[in-house]
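**Student:** Its first residue numbered 350, the sequence shown is counted upward by one per residue in our numbering. Glycine included, C-beta positions come from ideal geometry on N, C-alpha and C. In this text, all values refer to a predicted model and were calculated from it rather than measured experimentally.
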Amino acid sequence: MGAKGKEELLKDIRRILDVVHETRLVATILSYGRVGCASTGMVEGTLDMVKHHLDYARAANDAGLAESCEKLKAGLEEALAAGIETMRSKLGPTDETVKVEIPLATAREAMGHRIRRQMRCAGGVIDFFDLTADEIIECKLIGTGASLGQAAGQLRRYSKSFPGTALSIAVRYIEPDAEWLAGILRGQGLTIIELDQA
350 MGAKGKEELL
360 KDIRRILDVV
370 HETRLVATIL
380 SYGRVGCAST
390 GMVEGTLDMV
400 KHHLDYARAA
410 NDAGLAESCE
420 KLKAGLEEAL
430 AAGIETMRSK
440 LGPTDETVKV
450 EIPLATAREA
460 MGHRIRRQMR
470 CAGGVIDFFD
480 LTADEIIECK
490 LIGTGASLGQ
500 AAGQLRRYSK
510 SFPGTALSIA
520 VRYIEPDAEW
530 LAGILRGQGL
540 TIIELDQA
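(1) Whole angstroms are fine: how far does the CA of Thr395 sit from the CA of Thr372?
(2) Under 8 Å, do Gln503 and Gly473 count as touching if we go by C-beta distance?
(3) Taking Cβ positions, are Val304 and Leu539 nearer each other than 8 Å?
(4) What's the call for Arg463, buried or exposed, on a 16-neighbour Cβ count within 10 Å?
(5) For His401, is the classification buried or exposed, using 16 other Cβ atoms within 10 angstroms of its Cβ as the cut-off for buried?
(6) Could you check what DSSP says for Gly473 in three-state terms: helix, strand or coil?
(7) Using only CA atoms, which one of Leu425, Thr446, Cys470 and Trp529 lies nearest to Thr377?
(8) Between Glu450 and Phe477, is the Cβ-Cβ spacing less than 8 Å?
See below:
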């Protein structure tokens, strides 16, 4: 086998391994989607990934992989059709909703602000949009490094649909070991609202 043939073989092996790893991820997201614990955007993105895998499986004449992809695709489509939000509502409000979103909404409305919660945009579902302040707020229960980083990424996606809108993260409080990240995010123009400090 020549060098070019080896390169093609290695490329095929890498592609197969990528599909296997991604398929595990898809199965995990599907399990979350079935109980309303994945966002609609996440399930839609995963469905696109599965469609690419299905195209690959068909091109490679891999009937087993194609069958697995078809099952995952059907499951994701079913989760979307059932409505992620509907399934989520059956689980009842989360701690984040009860301890961050609702108190924030109550306080803003008491100040005369018009707000919208769980507003869909091209980047996903915005937790909280203060129309009066022109401010998008992503809510997290506690300001850990992971949750602040996740919220910042979500806000950047949402801001593409609303250029110039103020971006904020609302949490009950910031964990001491995440203060450094909070400082960086503030330096980048994000506001961090600590409800327990208010």
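**Tutor:** Reading off the structure:
(1) 10 Å
(2) yes
(3) The structure shown does not extend to residue 304, since the chain is modelled only from 350 to 547, so the question has no answer here.
(4) exposed
(5) exposed
(6) strand
(7) Leu425
(8) yes
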